[in-house]
Structure formats: C-alpha cells, structure tokens
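Heads up: the structure comes next, in structure tokens.
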Amino acid sequence: MRIVSADTGGALLDDGYNPIGLIATAAVLVEKPYKTAKMSIVKYADPFSYDLSGRQAIRDEVLLAMKLAKKVKPDVIHLDSTLRGIPLRQLDDPTIDALRISDRGKAIWHELSKDLQPLAKRFWSETGIEILAIGKESVAVRIAEIYAGLYSTKWGIEYALKEGFARIGLPRYMKVEVREGMLWGESLDPKEGGLYGEIPLDVEGFEYQIYPNPIARTFMVFEVKKE
Amino acid sequence: MRIVSADTGGALLDDGYNPIGLIATAAVLVEKPYKTAKMSIVKYADPFSYDLSGRQAIRDEVLLAMKLAKKVKPDVIHLDSTLRGIPLRQLDDPTIDALRISDRGKAIWHELSKDLQPLAKRFWSETGIEILAIGKESVAVRIAEIYAGLYSTKWGIEYALKEGFARIGLPRYMKVEVREGMLWGESLDPKEGGLYGEIPLDVEGFEYQIYPNPIARTFMVFEVKKE
Amino acid sequence: MRIVSADTGGALLDDGYNPIGLIATAAVLVEKPYKTAKMSIVKYADPFSYDLSGRQAIRDEVLLAMKLAKKVKPDVIHLDSTLRGIPLRQLDDPTIDALRISDRGKAIWHELSKDLQPLAKRFWSETGIEILAIGKESVAVRIAEIYAGLYSTKWGIEYALKEGFARIGLPRYMKVEVREGMLWGESLDPKEGGLYGEIPLDVEGFEYQIYPNPIARTFMVFEVKKE
Chain A
52 MRIVSADTGG ALLDDGYNPI GLIATAAVLV EKPYKTAKMS IVKYADPFSY DLSGRQAIRD
112 EVLLAMKLAK KVKPDVIHLD STLRGIPLRQ LDDPTIDALR ISDRGKAIWH ELSKDLQPLA
172 KRFWSETGIE ILAIGKESVA VRIAEIYAGL YSTKWGIEYA LKEGFARIGL PRYMKVEVRE
232 GMLWGESLDP KEGGLYGEIP LDVEGFEYQI YPNPIARTFM VFEVKKE
Chain B
52 MRIVSADTGG ALLDDGYNPI GLIATAAVLV EKPYKTAKMS IVKYADPFSY DLSGRQAIRD
112 EVLLAMKLAK KVKPDVIHLD STLRGIPLRQ LDDPTIDALR ISDRGKAIWH ELSKDLQPLA
172 KRFWSETGIE ILAIGKESVA VRIAEIYAGL YSTKWGIEYA LKEGFARIGL PRYMKVEVRE
232 GMLWGESLDP KEGGLYGEIP LDVEGFEYQI YPNPIARTFM VFEVKKE
Chain C
52 MRIVSADTGG ALLDDGYNPI GLIATAAVLV EKPYKTAKMS IVKYADPFSY DLSGRQAIRD
112 EVLLAMKLAK KVKPDVIHLD STLRGIPLRQ LDDPTIDALR ISDRGKAIWH ELSKDLQPLA
172 KRFWSETGIE ILAIGKESVA VRIAEIYAGL YSTKWGIEYA LKEGFARIGL PRYMKVEVRE
232 GMLWGESLDP KEGGLYGEIP LDVEGFEYQI YPNPIARTFM VFEVKKE
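Chains as they are written, first to last, in our numbering: chain A, 52 to 278; chain B, 52 to 278; chain C, 52 to 278.
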C-alpha cells in the first residue's frame, strides 16, 4: 500500500512556552514497511499570523497532500482528521451533522467542506484516489507529523541564524537531532514501532538544546541560538 | 498471588490490513513477579468463520481459563472484560443493567451471562476460585494477550508453510521474534514494566518481517512466507 | 521558568496489592531543562490512617508547595489538580460550579476552597506567586510525583528495617533503584523525555525487588525485607 499523508505541526513558542503560531505542513509518501517517508514536501506558514482554530491547517494539508499525490500516484491519501475514515468527497452537510464530533468541530467542517468536498470529488473522479479522514489511526499521518516537526526545526535554525534565537515546540512525543548533513527525528513512543524521519540540513554556526516543555507533558522543545 | 487469565488476539489480515477473523485464545498461569507466564495453553479458532462481535472471544476465554484453573488451582481468574472487577458468578440481569457500559455491551452480556453466570457459580462453589471481570487493569490479562499473539504467530507460520503466505495482525503494541527453537514476544510499552512470553517453535523454511500496521497505529504486523 | 510543584504518592499495599494509605507528599523546585528537581522536601503521612478521598492529599500539597516556595521564590506553583490551569486564589464557589468536573469533584473543591482559596489569595498578594491548578499537563507535577515515589520507597526501607517487611505501590509507571548512597527513580514513559530524580539514602541491611502490580497495570511494586 502506497499512502500519501499530510500534517501540520511545530510551533514557535513564546517565553512562557505558549504557541505563537504553527510553522510547517508536511506531506509524505509512505510505503511498506511504513516506518518513514520515501519522499516529503513542505509548505511553510507564517507563525506570526496564524489561525490556530484548525481551519488553516486542514486546508493546507488537503492541498499539499493532493500536490504530492499528483506526482507519486499513491493508492490512497490519509488526512489528519479522525472522522471514522470517511472519504472527504462524501463529506456533505447531512453527513457532517451525523458525525459524533463536537458542535465546534461540525461548524468548522461545514465551512471547510464547501470548497474541499467538491475538490476531493473532482480529484477522485480524475485519479481514482480517495482522501480518507482516518486521523490518528494512520501511521502515515504520524510520519507526516514527524516530518512537520523536522521542517519546523529547520525553519527554527534558519530563523535563529538571522534573528539570533528561536524556541520551537515539537509535535507530540518526538525528538530531533542534528547529524552530519541532516536533521534526524524520531517518535519517543516505542508502541509506534520505530517511526522516524530525516531531511537534509547544510547550515552551520548554531547551538541547540532539546528538553521537555514544562507546561505540556510529553511535548519537547527545540531551542536554538546563533553561535 | 497465583492468577489464571485468558485472552483472545491475533488476527488474520487481508491485503488492506483489515481483520478477517481472530486466531487464538490463550490461557496463562501468572505468578510473582508477574512478568510472564509459568504455563500456557491455547485454543485455536477458525479465522475464516469468526464472530467478531466479541461474544465468541469471551466465551472461549472463560472456558479455557477454567480448563487451566482446574489443573493449576490458582487463587483467582482474571477475565478480559473491564466490569469493575465484579465476580462473573454475580453477573445477573439487574447487575448488568446497573453497569456503566454501552447498551450494546449490556445486550451482549445479557446473552452471555445466561450460561456463563451459572457456570461460574458452580465453578466457584466447587473450587472457591472467583472469576473476576477486571479487564485491562490486570497484568495477567495483558500477559494472556501477549501469549495469544505468540500462538497466532505460530499459527501464521504453519499456515504459510502449507499455503505459502500469511499476514497476522498482532495484539496491541507487542512484537515477536523467531529465536533458536522458540518464538519470543514482548510488550512494546515500557510503562508495563517488561512483560514478555515465549513458546516452543520447531519448524523451519520460512522468512518473516515485522512492521507497523499502517491503518492501526501501535499495532504491528507479522508477515511470513514459505522459502 | 522556575516552578515549584507538589504531589502525593506511594502507597503501603496489603497482601492483595490494594492500597492501605498514601505515604509521602513531595514538593520540588524544577528549573530548565525541566528533567529533575533542583531541590525537594517531603511531608510524610501515616498510611495506616489516611483519608483516601483526595482531600488530605490536595491540602498537604498546597501547604508543602507554599513552604518550599517561600524559601526559593519560584515564578509559579503548579498544583496536581487538572482544572484548566485556573489560579487557586480565583477558585470561589461560582467558579467551581462552572468547572467541567464530576459532582463529587465539585463537592470536594467547595469544601477545600473554604480555607485554601483565601490562603492562596494572601500568598499571591504577599509574594506575587500564582498557584495554578494545571495538573497532569505540568512536567513539574510529574517530577513531584517521582519524588513522592522516592520518599515513599525510603519510608518503606526504614519501615522494613524496624518491622521486617514492607510492600510499597509506586506512583504510575516509575521505577526505583538503590544506588551507592542514594535512591534513584525514573519515569518508565519515554514520551515524557527522560524525567528522573534522586534522594540520599544511607541505610543498609535490606533486600528489595521491583515488579509489576498484578492488579494495576503500569504501576510497579517495591518490596523490601530486612536481611
């Protein structure tokens, strides 16, 4: 099974470890044995003006996943929304009302589906590829999350080289390491069976530190400053 | 404390990683220090004609646990149903109605208790051994789950030697390894404190691979083919 | 950020692994990188006459945290009650009624807040330090829990040296080790990013064993006897 997935994660943090805004949406191609990405692409957001309601993230994820899917022709796209694995092209208003999610979640999806549902329908009729709202059950979604953390870390390093300093909140229970010519990231949850990722990194002249976010248990902070 | 427990797990998977049916019910005897089984027995099901509602699994577990208990005389039997640790012999209709479980769960238990409750009552009056519906709180239940995964893996290997190939979905966050003359299995959750199991295995002529189930996060797949 | 936190944990267990009563409340000072305590103090309870409703624990925690805070002047106090991070000094009756917690939780807080709320208000006006009901989101609360486990273990060793034997239930997924001149403890959950603690220990003449509590998955037992 060849799966494309996308997820948004990694936040610029203020002094009190609260998120200012999200940084990166990553789309990944995941193939058997489903432990890392065969290919990844990224779309950066501006964390200083970010809509934290979730609308922006979902829209970015659908569009970026479709972009990668057009190139690599996967069997399926996994979306990071846990709606019983329903195909996005079937997500019309009555279907949304019947979901067992919060009223706020329904309001967001009523708004989002206006353009995303016809988009998914056209994409499916042209390519045969379903976009499934499978969410946290998908290993591919988790790998996309790890890549979003890697790209956010890279953004943080480049930001610090310009501005002197950055404090990045990584996605849930993952860590990153700067290695020879690359950034390495892996899940801290051994129950996931060894999920990891890596992206190229060819900059120098910075110091970094990883430690637990004191007000968000199981989330790590990547802190970087220019040397 | 000497505990007998039973659990059902391990599923034959189709090409899309969906379960076709469950494979094995294992009963185990667990003694201090409660990290593995001192003894285990198995009852295999036919995964190609399996009732996935849960009824068959619970019935198989009660009967297999009682079979092992008659032999090893434990202090207590732990059942994999999380009903506040209530004794099965007390599970009559008014008690079931008063439980905080789903209506579907109640319907299943009303049906199951018809023969299991008198059975448990007779077993208790003859042996003094309680059958407790303690469920996921019990370490013995988790060890039984690991053994169900081991026996399912063994079933998969033997199936592949006859039919050429098998894909087994293991119980939650556990892995298995083929070692000299045995199958080894262990929990992937370090919070559980190092739970593991092993069963004899004396067949050869197969290759295997373990990897995450892409549509069921924290569940691993054991895939085996004839050499 | 310099954080003081307090938590109660570690229970004396009976033969059936059920808690008789809690043993220790620990208060800790946690500083960046938020992996262990820079300083810790303890208040022991009498496990043989302990109010397991939670009232005693919360009261002990607030008082012990304030005691340590007076000495070390932290930026904030984190309390192990998950009430959306609300400041304790604002926890009056209408605020408690508006919380999304159980009726039993509300009753307990209505009673507790009678003296704790004015106390927190005075403490805040004198020191500027907020006492936040942040609960399980706080890494400092988890470190306090690990220290409560360490002090409970120490209590158990001293009890066994007098009485011959003790069986201690540790706080959730942590283990302890007796090392040269100290007790070492660490979280068994790697998702937490490597939280640990240590306290001095200068007694000898005992044997110990650590193993999973068979009726409380992910909780370990520390068993100690006089040599």
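Cβ atoms here follow ideal geometry from the backbone N, Cα and C, with glycine treated the same way.
All of these numbers come straight from a predicted model, not from anything done at the bench.
Is it buried or exposed for Arg268 (chain B), if we count other Cβ within 10 angstroms and need 16 for buried? Flag for Arg268 (chain B) reads buried.
Spatially closest choice to Lys86 (chain B) from B:Ser238, B:Val275 and B:Val272, by CA coordinates: Considering only B:Ser238, B:Val275 and B:Val272, the residue with the shortest C-alpha distance to Lys86 (chain B) is B:Ser238.
According to DSSP, simplified to helix, strand and coil, what is Thr76 (chain C)? The answer is strand: DSSP assigns Thr76 (chain C) an E or B state.
Per the DSSP calculation, Thr59 (chain C) is bridged to which residue(s)? As computed with DSSP, Thr59 (chain C) is found in a beta bridge with C:Thr76.
With DSSP as the reference, label Ser238 (chain A) as helix, strand or coil. Three-state result, Ser238 (chain A): strand.
Per DSSP, what kind of secondary structure is Leu170 (chain A) in: helix, strand or coil? Three-state result, Leu170 (chain A): helix.
Use the C-beta contact count for Leu103 (chain C): other C-beta atoms within 10 angstroms, 16 or more gives buried, fewer gives exposed. Counting Cβ neighbours within 10 Å, Leu103 (chain C) comes out exposed, since fewer than 16 surround it.
Given a cut-off of 8 Å on the beta-carbon distance, is the pair Arg110 (chain A) and Leu163 (chain A) in contact? Cβ atoms of Arg110 (chain A) and Leu163 (chain A): closer than 8 Å.
Let me check understanding here. Comparing Cα to Cα, which of B:Leu246, B:Glu228 and B:Lys122 lies closest to Leu252 (chain B)? The candidate whose alpha carbon is nearest that of Leu252 (chain B) is B:Glu228.
When you compare the CB of Ile197 (chain C) with every CB in chain B, is at least one pair closer than 8 Å? No, no contact with chain B.
With DSSP as the reference, label Tyr202 (chain B) as helix, strand or coil. Correct three-state label for Tyr202 (chain B): helix.
Compare the C-beta of Ala267 (chain C) with all C-beta atoms of chain B and state if any pair is closer than 8 Å. Chain B contact via Cβ: present.
Could you give the distance in angstroms between the alpha-carbon of Met90 (chain B) and the alpha-carbon of Glu82 (chain A)? Cα-Cα distance, rounded: 39 Å.
Using only the alpha-carbon positions, how far apart do Leu212 (chain A) and Phe257 (chain A) sit? C-alpha of Leu212 (chain A) to C-alpha of Phe257 (chain A): approximately 7 Å in a straight line.
Check the Cβ of Tyr262 (chain B) against every Cβ in chain A and list those closer than 8 Å, keeping chain order. Chain A residues near Tyr262 (chain B): Lys83, Pro84, Tyr85, Lys86 and Gly244.
Within 8 Å (strictly less), CB to CB, does Leu239 (chain B) reach chain A? Closer than 8 Å: yes.
For the region 210 to 234 of chain B, list every residue whose C-beta sits within 7 Å of some C-beta in chain A, in sequence order. So the close ones are Tyr224.
Count the other CB atoms, across all protein chains shown, that sit within 10 Å of the CB of Glu255 (chain B); report buried if there are 16 or more and exposed otherwise. Result: exposed.
Positions along the region 169 to 185 of chain A whose CB lies within less than 8 Å of some CB in chain B: So the list reads Ile185, given in the order they occur along the chain.
Separation of Tyr262 (chain B) from Gly215 (chain C), as counted between CA atoms: Rounded to whole angstroms, Gly215 (chain C) to Tyr262 (chain B) spans 49 Å at the Cα level.
Smallest Cα separation from Val123 (chain B): which of B:Gly207, B:Leu201 and B:Thr178? In terms of Cα proximity to Val123 (chain B), the closest of B:Gly207, B:Leu201 and B:Thr178 is B:Thr178.
Do the region 175 to 191 of chain B and the region 65 to 78 of chain B meet, that is, are 3 or more Cβ pairs less than 8 Å apart? Taking a cut-off of 8 Å for Cβ pairs, the region 175 to 191 of chain B and the region 65 to 78 of chain B do not touch, as fewer than three such pairs fall below it.
Report the rounded CA-to-CA distance for Gly220 (chain C) versus Met52 (chain B), giving the unit in angstroms. The straight-line gap separating the alpha-carbon atoms of Gly220 (chain C) and Met52 (chain B) is approximately 16 Å.
By alpha-carbon positions, which one of A:Phe273, A:Leu64 and A:Leu170 ends up nearest to Leu139 (chain A)? Of the candidates A:Phe273, A:Leu64 and A:Leu170, the one whose C-alpha sits nearest the C-alpha of Leu139 (chain A) is A:Leu170.
Rounded to a whole number of angstroms, what is the C-alpha to C-alpha distance between Gly241 (chain B) and Glu243 (chain A)? Note on residue identity: the sequence assigns Pro, not Gly, to residue 241 (chain B). Annotation: Pro241 (chain B) to Glu243 (chain A) spans about 12 Å, alpha carbon to alpha carbon.
Excluding the 5 residues preceding and the 5 following Leu119 (chain C) in the sequence, name in chain order all residues of the same chain whose CB lies nearer than 6 Å to its CB. Annotation for Leu119 (chain C): Val55, Ala78 and Ile92 place their beta carbon closer than 6 Å to its own, counting only its chain and skipping 5 residues before and after.
How big is the Cα-Cα spacing for Lys277 (chain A) and Gly207 (chain A)? Using only the alpha carbons, I get a separation of about 11 Å.
Rounded distance between the beta-carbons of Gly236 (chain C) and Tyr224 (chain C), thought under 8 Å: That pair is no contact at about 11 Å.
Does DSSP classify Lys30 (chain B) as helix, strand or coil? The requested residue 30 (chain B) is not part of the displayed model; chain B covers only 52 to 278.
List the whole-angstrom C-beta distance separating Ala184 (chain A) from Thr76 (chain A), where the pair is believed to meet the contact cut-off of C-beta under 8 Å. No, Ala184 (chain A) and Thr76 (chain A) are not in contact; Cβ-Cβ is about 16 Å, not under 8 Å.
CB Glu112 (chain B) to CB Thr59 (chain B), shorter than 8 Å? Closer than 8 Å, so yes.
When burial is assigned at 16 or more other CB atoms within 10 Å of the CB, is Ala88 (chain A) buried or exposed? A residue is called buried once 16 or more other Cβ atoms fall within 10 Å of its Cβ, and Ala88 (chain A) is buried on that count.
Going by C-alpha to C-alpha distance, which of C:Lys187, C:Met271 and C:Glu231 sits closest to Pro265 (chain A)? C:Lys187 is the residue among C:Lys187, C:Met271 and C:Glu231 whose C-alpha sits nearest the C-alpha of Pro265 (chain A).
If you compare alpha carbons, which of B:Ser153, B:Gln260 and B:Leu142 is closest to Pro84 (chain A)? Relative to the Cα of Pro84 (chain A), the nearest Cα in the group B:Ser153, B:Gln260 and B:Leu142 belongs to B:Gln260.
8 Å Cβ cut-off: residues of chain C touching Arg193 (chain B): By Cβ distance, chain C contributes Arg268.
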